[in-house]
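> Just so you know, the protein sequences line up as chains B and D, in that order.
Mapping of the first sequence onto my numbering: position 74 corresponds to residue 74, and the numbering continues sequentially without gaps.
For any residue, its number in my numbering is found by taking its place in the second sequence, counting from 1, and adding 1000.
Glycine is no exception: its CB is placed at the ideal position from the N, C-alpha and C atoms.
Because the structure is a prediction, the values reported are computed rather than measured.
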Amino acid sequence: DQQVKQNSPSLSVQEGRISILNCDYTNSMFDYFLWYKKYPAEGPTFLISISSIKDKNEDGRFTVFLNKSAKHLSLHIVPSQPGDSAVYFCAASKGGTSYGKLTFGQGTILTVHP
Amino acid sequence: GAVVSQHPSWVICKSGTSVKIECRSLDFQATTMFWYRQFPKQSLMLMATSNEGSKATYEQGVEKDKFLINHASLTLSTLTVTSAHPEDSSFYICSARDHSFYSNQPQHFGDGTRLSIL
């Protein structure tokens, strides 16, 4: 049972444009969400998170939007850079923080072309 | 920043061998560590939660006698894959939970171990 889903396996974007990565979840108990970036043969690197009490969180070029009613979150990267090319995972946890167990989506491969 | 070291990064061994993977928190104490497994082009799946000084908590479907976890100190957790078989070949990643200060990312990930069983 895949409780966190990233339905787009890959996304290709031109440098300077916006990248939008999507994530859906089914478990209404999830209340804290994170985005990670991962390169092959490396562990995930934290990007940005959002609590369910918010609908938007911004950090530099990265913005995460949360739509609780739709159980949907998205990561916007503006402007996209070639160095952003990686696999992006969304993750969810219960209890309002990332202290607990994380449930990951399948990942989306982002390729940013120069 | 907080660093988690995982060793070895890559191991190849024969079927039937037991393999130990270490996960160390280098500059913080980690009372809780998590072990994940990732198959190619799939998600990171949580295998177990490792608690310092107590037994690990395994996720449903994970054989605790197959994947032995020991968390004997606040900076080290080990995962031993016993009598490994080709189907155990995967990418294993640990994360450590940092209690020393408030952070929006108290879980810090190691770089993973690529395990290949021949």
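So what's residue 15 of chain B in DSSP terms, helix, strand or just coil?
Coil, per DSSP.
> Evaluate residue 1037 of chain D with the Cβ neighbour count: other Cβ atoms within 10 Å of its Cβ, from every protein chain shown; 16 or more gives buried, anything less gives exposed.
Flag for residue 1037 of chain D reads buried.
> Give a yes or no on contact between the stretch 9–23 of chain B and the stretch 98–111 of chain B, applying the rule of three or more CB pairs nearer than 8 Å.
Because the criterion of three Cβ pairs below 8 Å is met, the stretch 9–23 of chain B and the stretch 98–111 of chain B touch.
> With residue 1041 of chain D as the anchor, note down where its beta strand (DSSP E) starts and where it stops.
It is not in any beta strand (DSSP E) - residue 1041 of chain D carries neither H nor E in the DSSP assignment.
> Which partner residues does residue 1048 of chain D have in the DSSP bridge list?
Paired residues: D:1035, D:1058.
> From residue 1070 of chain D to residue 114 of chain B, what distance separates their C-alpha atoms?
Answer to the nearest angstrom: the Cα atoms are 46 Å apart.
> Pull up the DSSP beta-bridge partners for residue 1097 of chain D, would you.
According to DSSP, which records beta bridges pairwise, residue 1097 of chain D is partnered with D:1032, D:1107.
> On the three-state DSSP scale, how would you describe residue 1087 of chain D?
Helix, per DSSP.
> By how many angstroms is the C-alpha of residue 1118 of chain D removed from the C-alpha of residue 1090 of chain D?
Distance between the alpha carbons of residue 1090 of chain D and residue 1118 of chain D: 12 Å.
> Tell whether a beta-carbon distance below 8 Å holds between residue 1062 of chain D and residue 1115 of chain D.
Result no, Cβ atoms of residue 1062 of chain D and residue 1115 of chain D do not sit closer than 8 Å.
> What does residue 70 of chain B reach in chain D if we use C-beta pairs closer than 7 Å?
What residue 70 of chain B touches in chain D: nothing, since even the nearest Cβ is about 21 Å away.
> If distances are taken between C-alpha atoms only, which option among B:87, B:95, B:48 comes closest to residue 106 of chain B?
Closest option to residue 106 of chain B, Cα to Cα, is B:87.
> Can you tell which of B:72, B:67, B:36 has the C-alpha that lies nearest to the C-alpha of residue 90 of chain B?
Residue 90 of chain B has its Cα closest to that of B:36, out of B:72, B:67, B:36.
> Among residues of its own chain, excluding the 5 on either side of residue 1018 of chain D, which ones have a beta-carbon nearer than 8 Å to its beta-carbon?
Excluding sequence neighbours, residue 1018 of chain D sits near 1080, 1081, 1082, 1083, 1084.
> Which of helix, strand or coil does DSSP assign to residue 59 of chain B?
Here residue 59 of chain B sits in strand by DSSP.
> What residue range is occupied by the uninterrupted beta strand (DSSP E) comprising residue 32 of chain B?
Residue 32 of chain B -> beta strand (DSSP E) spans 32–38.
> Kindly give me the distance between the Cβ atoms of residue 1024 of chain D and residue 1054 of chain D, rounded to whole angstroms, as I take these residues to be in contact under 8 Å.
Not really, about 19 Å apart at Cβ, beyond 8 Å.
> Shortest alpha-carbon distance to residue 27 of chain B belongs to which of B:101, B:92, B:100?
Closest by alpha carbon: B:92.
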